[in-house]
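Student: Would you mind keeping the following structure in view while I ask a few things?
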Amino acid sequence: MKHNFSLLCAATCALSFFSMNDAQALKVHTIGDSTMANYEEGTTDKRGWGQMFNQFFMGDIEVNNRAKSGASSKSFYNEAPYWTTVKQQIEAGDYVFIQFAHNDEKNDGVDGDELQAQYPDSVVADTRGTSPFGTYKEYLRKYVDETRALDATPVLVTPIVRKYFGSDGKITQKGRHNLSTDGSHDLDYVLAMKEVAVEKEVLLIDHTEMTAQLVEAYGVEEATAQLYCADDNTHTSATGAMLFARLVAQDMVRQGILAEYVNAEASIIVNPSAIDFGRGYPNAVKTYECTVMGMDLVPAEGNITISATEPFTVSADGVAFQSSIDIPYTDGALALTRFVVKGVGSEAGILEGVLTVTNGNVENSVPMTLEVVDLTDGEPFSVFWDLSKTSDYVAEGPVTPVAESWSKMYAKSYASPGSDVVWPEESGIEAGYKTQRNCIEGDVWPAGEIDAVSDRYIQFGVTANPGSEMTVDTIGIYIGGSGGSGMIWRVEYSIEENFANQMVISENLKNAKNTMYAIEAVPMVKVPAGKTLLLRIYPWYNGEATGKTICLSNLYIGGVVSATGAVETPRRENNLRYEGTTLRGEAGVALTVYNLAGACVAYGVGDLDLHALPQGVYVARSGENTLKIVR
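Okay, so the sequence shown: first residue is 1 according to full-length UniProt numbering, each after it adds one.
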């Protein structure tokens, strides 16, 4: 198979013939894989360049980053939560930036479905995989054609390089997404995308070449330290994601793609560009971790001042909060620096504020919002899966639990993760306690997986009953790996039936053998009547392995139900009260207080003084009564 290397020049030159409709473009949609995706602060060090992309736009441009970890051009197109829902968001005049290849390379350049069909009994193929000059090009054409059918403009973006250095200090051809081993380009995904760009006369940004030059300029040691995540040759840190996004912005200016809206030389970059604390109870502290980075600053030495309007405050260390902080910089630059913003409100309502970041010469403003909700008139609910013997649950309150289910997984046994299992000290659980041990279908974890597989998961859920609105304010579970230290997982939730717009609450990339980890979250997510909150655990292994299991224990989902009028939600009398730091209940009846992971943190008969408990959300129980406590 021969391919024309003059396509690189042709693809670049062809761009000048397109008539741009920039003035009408108000939204930029980005679709791709984990190297482009959004990540929740506090769950992982990974950041996708699409997450940082909005930092380089001015005016009324909105970036809708729909990139999904683990996606290939095929899986993103075919799976319900992704391309189908993106198309519903695209309007005439929008732009769609399309970057795939990393997960298309599964099966070493062979299409996964074709491989499985050819060897149905002897091979378990990764169906996400595509062939570069076959199905990969077919799916790219689909994205281009369907974007244009919506009167929007497609932009093909070649994939960022993997940090694969050769002995010459250059990125290898495999790092540049050419899987050929004979010196040819027959398995070159970047060349395949460029051919589609010429064939379809599509705008193309050669992100592969630009990131290769940048990574090579840093060298292997500095690229490892600054651009990529630790022990990861594929995923970028916040700094790497920011610099890679800037490369795209700079090329957009060079090519005249939305150039009037792009500020490719932004000197103070704050992430995120808008802070939404979500919902919180009165007097509950909500925090948000942010980053600031400075480049080409004038003057060359000084301070970057970060200030927040009331009722928000800011901290350099997450401990001491005040109205403003100063961060010194030198040599016209500030390395990526983390800081924390805090919001707290005493009464129900929507609080708004502004975070201002400036060095006295350049200023960047970030809007902030916090919704304070008072649900004291609602009825608490909880659903608890013990997972030590069966997948059965115990539910309290007017909600409908969703039974545990598996996709390409199964519950292999109920047993301790190992004789030397380690539980978090605060759990109070001792060695020998049984967990639900889950395994992949076929019992063999495949080699080469570096991210979640979107159709392989374990699922739980809770549904809001008709006539009621459910606020889920507590999710807690213990998760661990048995038989080795290579088990990895991501925990997500969504209130969409097709699991679109999912939120990540945990991503554990390094886990010790036979160790259980407490996963805790306070999502404060509102679930309308008839809708379901689905919780999924996506496991994968860091190499080929047989029989390794992911262990689950003590899943708790709780919150408050409020009637919405159509159907009255029954509410029983609750004799539990929290006054000051004292929990009061019925005389002579035992009181138990649990943390988010389901561990007992306080117990007694009569009044309980909880002043020693750290700030957080707790669940108190006494008989049939349940009370949510926010400290």
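No residue lacks a Cβ here, since even glycine has one placed at the ideal position from N, Cα and C.
Do you know how far the Cα of G280 is from the Cα of M210?
Tutor: Taking the first residue of the sequence shown as position 1, residue 210 is located at position 210. Taking the first residue of the sequence shown as position 1, residue 280 is located at position 280. When rounded, the distance between both Cα atoms is 43 Å.
Student: What separation, rounded to the nearest whole angstrom, lies between the Cα atoms of S307 and R254?
Tutor: Here residue 307 refers to the residue found at position 307 when the sequence shown is read from its first residue. Here residue 254 refers to the residue found at position 254 when the sequence shown is read from its first residue. Each residue's alpha carbon lies about 35 Å from the other.
Student: In angstroms with no decimal places, state the Cα-to-Cα distance between A71 and A395.
Tutor: Residue 71 sits at position 71 when you count from the first residue of the sequence shown. Residue 395 sits at position 395 when you count from the first residue of the sequence shown. Looking at the two C-alpha atoms, the distance is approximately 35 Å.
Student: Tell me the rounded alpha-carbon separation between N514 and G418.
Tutor: The residue you call residue 514 lines up with position 514 of the sequence shown. The residue you call residue 418 lines up with position 418 of the sequence shown. Each residue's Cα considered, the two are about 6 Å apart.
Student: When the Cα atoms are used, what is the spatial distance from N465 to S405?
Tutor: Reading the sequence shown from its first residue, position 465 is the one you call residue 465. Reading the sequence shown from its first residue, position 405 is the one you call residue 405. Distance between the alpha carbons of N465 and S405 is about 20 Å.
Student: Just how far apart, CA to CA, sit G484 and I440?
Tutor: The count along the sequence shown starts at 1 and reaches residue 484 at position 484. The count along the sequence shown starts at 1 and reaches residue 440 at position 440. Approximately 15 Å between the Cα atoms of the pair.
Student: Looking at the structure shown, is R437 part of a helix, part of a strand, or coil, going by DSSP?
Tutor: Here residue 437 refers to the residue found at position 437 when the sequence shown is read from its first residue. Of the three classes helix, strand and coil, the one that applies to R437 here is strand, per DSSP.
Student: Return the first residue and the last residue of the beta strand (DSSP E) that R536 is part of.
Tutor: On the sequence shown, position 536 is the one that residue 536 refers to. T532 to Y541 is the span of the beta strand (DSSP E), which, as asked, contains R536.
Student: Within a Cβ cutoff of 7 Å, which residues of the same chain sit near V86, ignoring the five residues on either side of it in sequence?
Tutor: By 1-based counting over the sequence shown, the position of residue 86 is 86. Excluding positions up to five away in sequence, the list reads H29, I31 and R66.
Student: If you count every other CB in all the chains shown that lies within 10 Å of the CB of Q322, and 16 or more means buried, which is it?
Tutor: Translated into the one-based positions of the sequence shown, residue 322 becomes position 322. Exposed, because fewer than 16 other Cβ atoms sit within 10 Å of the Cβ of Q322.
Student: What residue ranges within the region 224-273 form continuous beta strand (DSSP E) runs of no fewer than 3 residues, ordered along the chain?
Tutor: Segments of the beta strand (DSSP E) lying fully in the region 224-273: 268-271.
Student: Taking DSSP as the reference, what is the three-state secondary structure of H29?
Tutor: Within the sequence shown, residue 29 is the residue found at index 29, counting from 1. Residue state, collapsed to three classes: strand.
Student: Using the three-state DSSP reduction, which class does V215 fall into: helix, strand or coil?
Tutor: By one-based count along the sequence shown, residue 215 stands at place 215. The answer is helix: DSSP assigns V215 an H, G or I state.
Student: Report yes or no: do the region 536-554 and the region 254-268 share at least 3 C-beta pairs separated by less than 8 Å?
Tutor: Counting Cβ pairs under 8 Å, fewer than three are found: no touch.
Student: Kindly provide the ranges of any beta strand (DSSP E) runs that are 3 or more residues long and lie completely inside the region 344-418, ordered along the chain.
Tutor: With a minimum length of 3 residues, the continuous beta strand (DSSP E) runs that stay inside the region 344-418 are 349-358, 363-372, 379-385, 393-396, 399-407 and 409-415.
Student: Using only the alpha-carbon positions, how far apart do N283 and G530 sit?
Tutor: Numbered from 1 along the sequence shown, position 283 holds the residue referred to as residue 283. Numbered from 1 along the sequence shown, position 530 holds the residue referred to as residue 530. Each residue's alpha carbon lies about 30 Å from the other.
Student: Sort out for me which residues DSSP pairs F312 with in a bridge.
Tutor: The residue given as residue 312 occupies position 312 in the sequence shown. BP columns for F312 point to G343.
Student: Have a look at G134 and E425 and give me their C-alpha separation to the nearest angstrom.
Tutor: Locating residue 134 in the sequence shown gives position 134, counting from the first residue. Locating residue 425 in the sequence shown gives position 425, counting from the first residue. When rounded, the distance between both Cα atoms is 53 Å.
Student: I believe Y139 touches Y77 by the beta-carbon criterion, under 8 Å. Please report the beta-carbon distance rounded to the nearest angstrom.
Tutor: Locating residue 139 in the sequence shown gives position 139, where the first residue counts as 1. Locating residue 77 in the sequence shown gives position 77, where the first residue counts as 1. The pair is a contact, with the Cβ atoms about 5 Å apart (cut-off 8 Å).
Student: Express the C-alpha separation of L247 and A80 in angstroms, rounding to a whole number.
Tutor: The residue labelled residue 80 in the question sits at position 80 within the sequence shown. The residue labelled residue 247 in the question sits at position 247 within the sequence shown. Approximately 31 Å, taken between the alpha carbons.
Student: Could you give the distance in angstroms between the alpha-carbon of F97 and the alpha-carbon of G461?
Tutor: Counting from 1 along the sequence shown, the entry for residue 97 is found at position 97. Counting from 1 along the sequence shown, the entry for residue 461 is found at position 461. Cα-Cα distance, rounded: 33 Å.
Student: With D326 as the anchor, note down where its beta strand (DSSP E) starts and where it stops.
Tutor: Translated into positions along the sequence shown, residue 326 becomes position 326. D326 -> beta strand (DSSP E) spans S324 to Y329.
Student: Rounded C-beta distance between I275 and M368? I'm assuming under 8 Å.
Tutor: To locate residue 275, count along the sequence shown from 1; it is residue 275. To locate residue 368, count along the sequence shown from 1; it is residue 368. The pair is a contact, with the Cβ atoms about 4 Å apart (cut-off 8 Å).
Student: Would you call the CB atoms of N58 and N361 closer than 7 Å?
Tutor: The residue given as residue 58 occupies position 58 in the sequence shown. The residue given as residue 361 occupies position 361 in the sequence shown. Before going on, a small fix: residue 58 reads as Met here, not Asn. Cβ atoms of M58 and N361: not closer than 7 Å.
Student: Can you give me the Cβ contacts of V220 inside the same chain, cut-off strictly under 7 Å, excluding the 5 residues immediately before and after it?
Tutor: In the sequence shown, residue 220 corresponds to position 220, counting from 1. Cβ neighbours of V220 beyond the five flanking positions: F165.
Student: Going by alpha carbons, who is nearest to V438 out of L387, G432 and V124?
Tutor: Along the sequence shown, read from residue 1 onward, the residue named residue 438 stands at position 438. Looking at the sequence shown, residue 438 is not Val but Asn. Selected option, being the one with the closest Cα: L387.
Student: Please list the terminal residues of the continuous beta strand (DSSP E) segment that includes N508.
Tutor: The residue you call residue 508 lines up with position 508 of the sequence shown. Element bounds for N508: M503 to N508.
Student: Give the straight-line distance between the Cα atoms of L627 and V619, rounded to the nearest whole angstrom.
Tutor: The residue labelled residue 627 in the question sits at position 627 within the sequence shown. The residue labelled residue 619 in the question sits at position 619 within the sequence shown. Distance between the alpha carbons of L627 and V619: 6 Å.
Student: Excluding the 5 residues preceding and the 5 following D251 in the sequence, name in chain order all residues of the same chain whose CB lies nearer than 7 Å to its CB.
Tutor: The count along the sequence shown starts at 1 and reaches residue 251 at position 251. For D251, where only same-chain residues beyond five positions count, the Cβ hits under 7 Å are I205 and M210.
Student: Just to confirm the assignment: which complete beta strand (DSSP E) runs, minimum length 3, are found wholly within the region 85-169?
Tutor: The region 85-169 contains these whole beta strand (DSSP E) runs: 95-98 and 153-157.
Student: What does DSSP give as the partner residue(s) for V560 in the beta ladder?
Tutor: Taking the sequence shown and counting its residues from 1, the one referred to as residue 560 is at position 560. For V560, which the question treats as bridged, DSSP gives the partners P380 and T471.
Student: Under a CB-based cut-off of 7 Å, is R141 close to chain C?
Tutor: Structure shown: chain C not included; a single protein chain is present.
Student: Mapping DSSP to helix, strand and coil, what is G476?
Tutor: Taking the first residue of the sequence shown as 1, we reach residue 476 at position 476. Strand, per DSSP.
Student: For N64, which residues does DSSP report across the bridge?
Tutor: Here residue 64 is taken as the residue at index 64 of the sequence shown, counted from 1. Partner(s): H29.
Student: Can you find the residues in the same chain that come closer than 6 Å, C-beta to C-beta, to E301, ignoring five residues on each side of it along the sequence?
Tutor: On the sequence shown, residue 301 is found 301 positions in, with the first residue counted as 1. Correct list, in chain order: T330.
Student: Applying the criterion that 16 or more other CB atoms from any shown protein chain within 10 Å of the CB defines a buried residue, is G448 buried or exposed?
Tutor: For the purposes of this step, residue 448 is taken as the residue at position 448 of the sequence shown. Answer is exposed; the Cβ neighbour count stays below 16.
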